[in-house]
Amino acid sequence: MNAVAPLIKLESISKHFGEGSTRVDALRDITLDIEPGSVVGLLGPSGSGKSTLLNAIGCIIEPTAGRMTLDGEVVYDNGWLRSDLRRLRLEKIGFIFQFHNLLPFLSVTDNVALVLQLAGYDDDDAKHRATQLLDYLEVGNRKQAYPANLSGGEAQRVAIARALANKPRIILADEPTAALDSQRAGIVMDLLGKVAKDQSAAILVVTHDEKIFSRFDVMFQLRDGQLSSDAA
Amino acid sequence: MNLALRDIRHNLGRFLLTCFGLSLLLGVVLSMIGIYRGLVDDALVLARAPQADVWVVEAGTRGPFAEASRIPGDTREAIALSHGIAEAGAVTFQSVETQHRGRKLRLFVVGYEPGRPGGPAQVVAGRNITRSHYELVADRSSGLEIGDRVALGTSKYTVVGLTRNLVASGGDPVVFVTLKDSQELQFELSPSAARRELARGAAPSGTDTINAVVARAAHNVSPAQAAHMVARWKHLSTMTQLEQETVLTQSVVERARKQIGMFTAILLLVSAVIIALIIYTLTMDKMREIATLKLIGAPDRAIVGLIVQQSLAMGLIGFSFGALLIASLKDVFPRRVILNPEDGLLLALVVIMVCVVASGMGVRLALKVDPATALGS
Numbered sequence: 001m002n003a004v005a006p007l008i009k010l011e012s013i014s015k016h017f018g019e020g021s022t023r024v025d026a027l028r029d030i031t032l033d034i035e036p037g038s039v040v041g042l043l044g045p046s047g048s049g050k051s052t053l054l055n056a057i058g059c060i061i062e063p064t065a066g067r068m069t070l071d072g073e074v075v076y077d078n079g080w081l082r083s084d085l086r087r088l089r090l091e092k093i094g095f096i097f098q099f100h101n102l103l104p105f106l107s108v109t110d111n112v113a114l115v116l117q118l119a120g121y122d123d124d125d126a127k128h129r130a131t132q133l134l135d136y137l138e139v140g141n142r143k144q145a146y147p148a149n150l151s152g153g154e155a156q157r158v159a160i161a162r163a164l165a166n167k168p169r170i171i172l173a174d175e176p177t178a179a180l181d182s183q184r185a186g187i188v189m190d191l192l193g194k195v196a197k198d199q200s201a202a203i204l205v206v207t208h209d210e211k212i213f214s215r216f217d218v219m220f221q222l223r224d225g226q227l228s229s230d231a232a
Numbered sequence: 001m002n003l004a005l006r007d008i009r010h011n012l013g014r015f016l017l018t019c020f021g022l023s024l025l026l027g028v029v030l031s032m033i034g035i036y037r038g039l040v041d042d043a044l045v046l047a048r049a050p051q052a053d054v055w056v057v058e059a060g061t062r063g064p065f066a067e068a069s070r071i072p073g074d075t076r077e078a079i080a081l082s083h084g085i086a087e088a089g090a091v092t093f094q095s096v097e098t099q100h101r102g103r104k105l106r107l108f109v110v111g112y113e114p115g116r117p118g119g120p121a122q123v124v125a126g127r128n129i130t131r132s133h134y135e136l137v138a139d140r141s142s143g144l145e146i147g148d149r150v151a152l153g154t155s156k157y158t159v160v161g162l163t164r165n166l167v168a169s170g171g172d173p174v175v176f177v178t179l180k181d182s183q184e185l186q187f188e189l190s191p192s193a194a195r196r197e198l199a200r201g202a203a204p205s206g207t208d209t210i211n212a213v214v215a216r217a218a219h220n221v222s223p224a225q226a227a228h229m230v231a232r233w234k235h236l237s238t239m240t241q242l243e244q245e246t247v248l249t250q251s252v253v254e255r256a257r258k259q260i261g262m263f264t265a266i267l268l269l270v271s272a273v274i275i276a277l278i279i280y281t282l283t284m285d286k287m288r289e290i291a292t293l294k295l296i297g298a299p300d301r302a303i304v305g306l307i308v309q310q311s312l313a314m315g316l317i318g319f320s321f322g323a324l325l326i327a328s329l330k331d332v333f334p335r336r337v338i339l340n341p342e343d344g345l346l347l348a349l350v351v352i353m354v355c356v357v358a359s360g361m362g363v364r365l366a367l368k369v370d371p372a373t374a375l376g377s
């Protein structure tokens, strides 16, 4: 019996949009546990509910029913929703987007340091940690650059640095390799795997990118809002 | 980390261009306020020039500015001898158009008795009138210089002194001549007209008519008491200086004042709407960044700060540029533009208020942004 508590625990999570004839069931009775140190792939065709599930775990949208626990804290329980979701996102969740979403008016260092400052680090400590992370991700040489001047791979690594800055235990990645070539995609996935192990983090990756399927510890498939199978 | 400052630095060109546009708009608002002040001040400056306490005019009139007033020239002596009056001077007022150095020159001619109330309060260059005929003290805005000779009626006058900022309510520069000269200018016929009058047997008419007597009250007498004492003479009307100024602002320039006041209010409203639109548009442009900030856990105060600080910076920089622009251009305006520090301060406060209210719309929009927006393409 495995004694490790899951970082992401979903119990019969459902989400529907609209009512009556316009009702769309985006998630149906999803039950899922993701343990620390694991990199999990979430597959599925367009409209299957992948983004809805990612948004629900990321505390961006409220489920309709079920119970959701993140890092041991109940976030949603059949209509009850925690009120400090933004704080929870800041402390526990790191987001990696397909289009990196770096703030265009901040330098590379400031993009990463911002998250740390929001979490309470002072200016110098935030910049120091941001620089360390950027060096670790091999974009330290671009720390003064602005996002508009970065290549796709560089921007994605900066986005990963931002997601990791506050040492979150949950990392949600939406198509993180879609804009990258095979080699860069491999580097990004290696890195996520390393972070999962080093930080005992749970990493959930939504992807269509077949070339990274082999990097997942577990893969789930979503179809019509239902977690249909463990694709692994 | 100040996000507003970082965003401004990153888009400095666009920010400064927006500030410049706003500064032109606020400059126009400030100039309208200045024109309004100028109009009111111009209307009063002529009435204030004699430094009088009491105005004595034709019975039943509110002259000499709001209505025509004609009284005999010897009225001045009777007023001067009245109880409660320290000194008095006879004055005439008339508009004259002449040519000088090939250009049309409209002047407002004041006739007064040198040494008595009614003349210029201060001569800033040259001297006051000392001769009984053909000398003139002109306002600088007329373009006349000391030593210039200018034709008024059938005679030529020499400019001996200059005043500053002394214009009539219509904006025409004021010139001072002696009472005798002004009476000649106003009533004496040209030689051909005099010959025609003589030929038809008309008796020559007298020229000793004036428009008003300005008087200063004795030390122990208030202007109201002095005015009351003179008003007991049934054939004359009196007004205190305060009443004369009220007549001027409420009758003579009332419509122009209201017109400019209303236009200023409309301009201020338009500026408020434009500021609101600019801030709203700037916020709309940053929707994705705001959604990202929410997603990574930035508190509302960081997002509100980003919008409100930028909005205030834009308003204050725009106002400062506008104020500088109008301060450096105010003398180019054909009429006087008076920029009072208190008006500038009031406008700055209005701009700050407008910016805060306008950014409220942007803030409302930003706070409604769904963080999931950041996840879309």
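If you're matching them up, the sequences are chains Y and U in order. Position 164 (the first sequence) corresponds to 164 in the numbering used here; numbering is contiguous. Position 352 (the second sequence) corresponds to 352 in the numbering used here; numbering is contiguous. We treat Cβ as the ideally placed atom computed from N, Cα and C, and that holds for glycine. Bear in mind the structure is a predicted one, so any value in this text is a computation, not a measurement.
{"Check": "DSSP beta-bridge partners of LEU27(Y)", "Outcome": "LYS15(Y)"}
{"Check": "Assumed close pair ILE279(U), GLY362(U) - CB separation to whole angstroms, cut-off 8 Å", "Outcome": "5 Å"}
{"Check": "Inter-residue Cα distance where the pair is THR18(U) and PHE319(U)", "Outcome": "12 Å"}
{"Check": "Cβ separation of LEU134(Y) and ALA163(Y), assumed to be a contact under 8 Å, to the nearest whole Å", "Outcome": "At roughly 13 Å, the Cβ-Cβ gap does not stay under 8 Å, so LEU134(Y) and ALA163(Y) are not in contact."}
{"Check": "Interface positions of the region 105-124 of chain Y facing chain A (Cβ-Cβ less than 9 Å), listed along the chain", "Outcome": "Protein chains in the displayed structure are Y and U, and chain A is not among them."}
{"Check": "Buried versus exposed, by CB contacts within 10 Å (16 or more), LYS194(Y)", "Outcome": "exposed"}
{"Check": "Secondary structure of MET1(Y), DSSP reduced to three states", "Outcome": "Residue placement at MET1(Y) is poorly supported in this model, since its pLDDT is 46, which falls under 50; the coordinates still yield a value, given next. Here MET1(Y) sits in coil by DSSP."}
{"Check": "Inter-residue Cα distance where the pair is PRO120(U) and ALA138(U)", "Outcome": "9 Å"}
{"Check": "Contacting positions in the region 43-61 of chain Y - beta carbon closer than 8 Å to chain U", "Outcome": "SER51, LEU54, ASN55, GLY58, ILE60, ILE61"}
{"Check": "Stretch pair the region 47-57 of chain Y + the region 201-221 of chain Y: three plus CB contacts closer than 8 Å", "Outcome": "yes"}
{"Check": "Environment of MET1(Y) [buried if 16+ CB atoms lie within 10 Å]", "Outcome": "Summary for MET1(Y): the model assigns pLDDT 46, below 50, so the residue's position carries little reliability; its value from the coordinates is reported in the next sentence. Label assigned to MET1(Y): exposed."}
{"Check": "Start and end residues, alpha helix (DSSP H) containing LEU12(U)", "Outcome": "12-48"}
{"Check": "Residue span of the alpha helix (DSSP H) that contains ALA121(U), given as start and end", "Outcome": "Premise fails: ALA121(U) is in no alpha helix (DSSP H) and is neither H nor E."}
{"Check": "Proximity test, Cβ basis, 8 Å: SER377(U) and chain Y", "Outcome": "Unreliable placement is indicated for SER377(U), whose pLDDT of 47 sits below 50; the coordinate value is still reported in the next sentence. Chain Y, which has a Cβ nearer than 8 Å to the Cβ of SER377(U), makes this yes."}
{"Check": "Proximal chain U residues relative to PHE17(Y), where beta-carbon distance stays under 9 Å", "Outcome": "Near PHE17(Y) there are no residues of chain U at all, since even the closest Cβ is about 12 Å away, more than 9 Å."}
{"Check": "Helix, strand or coil at ASP174(Y) [DSSP, three-state]", "Outcome": "strand"}
{"Check": "At least three beta-carbon pairs within less than 8 Å, the region 172-184 of chain Y to the region 87-100 of chain Y", "Outcome": "yes"}
{"Check": "Which of helix, strand or coil DSSP assigns to PRO371(U)", "Outcome": "helix"}
{"Check": "8 Å Cβ shell around VAL40(U) - same chain, five flanking residues per side excluded", "Outcome": "THR249, VAL253, ARG257"}
{"Check": "C-beta atoms of ILE275(U) and VAL356(U) nearer than 8 Å", "Outcome": "no"}
{"Check": "Spatial neighbours of THR69(Y) in its chain, beta-carbon cut-off 6 Å, leaving aside the 5 residues before and after", "Outcome": "LYS9"}
{"Check": "Proximal residues, the region 302-331 of chain U versus chain Y, C-beta separation under 9 Å", "Outcome": "ALA302"}
{"Check": "Three-state secondary structure (DSSP) of GLY41(Y)", "Outcome": "strand"}
{"Check": "Secondary structure, beta strand (DSSP E): runs of 3+ residues fully inside the region 97-183 of chain U", "Outcome": "103-112, 135-139, 149-152, 155-163, 174-178"}
{"Check": "Under 8 Å between C-beta atoms of ASP84(Y) and ARG169(Y)", "Outcome": "no"}
{"Check": "Minimum Cβ-Cβ distance from THR292(U) to chain Y less than 8 Å", "Outcome": "yes"}
{"Check": "One or two residues paired with ARG67(Y) in a DSSP bridge", "Outcome": "GLU11(Y), ASP77(Y)"}
{"Check": "LEU90(Y) at chain U interface by Cβ criterion, 8 Å", "Outcome": "yes"}
{"Check": "Supposed close pair THR238(U), VAL54(U) - CB separation, criterion 8 Å", "Outcome": "6 Å"}
{"Check": "Best match in LEU16(U), GLY360(U), VAL124(U) for proximity to MET314(U) [C-alpha to C-alpha]", "Outcome": "LEU16(U)"}
{"Check": "For ALA88(U), three-class secondary structure by DSSP", "Outcome": "strand"}
{"Check": "is_contact[ARG6(U), chain Y] using C-beta, thresh 8 Å", "Outcome": "yes"}
{"Check": "8 Å contact criterion, which GLN183(U) and GLY111(U) should meet: CB distance rounded", "Outcome": "6 Å"}
{"Check": "Nearest candidate by alpha-carbon position, reference THR61(U), set HIS235(U), ILE326(U), GLU145(U)", "Outcome": "HIS235(U)"}
{"Check": "Interface flag, LEU365(U) vs chain Y, CB-CB below 8 Å", "Outcome": "no"}
{"Check": "CB contact below 8 Å: MET219(Y) versus chain U", "Outcome": "no"}
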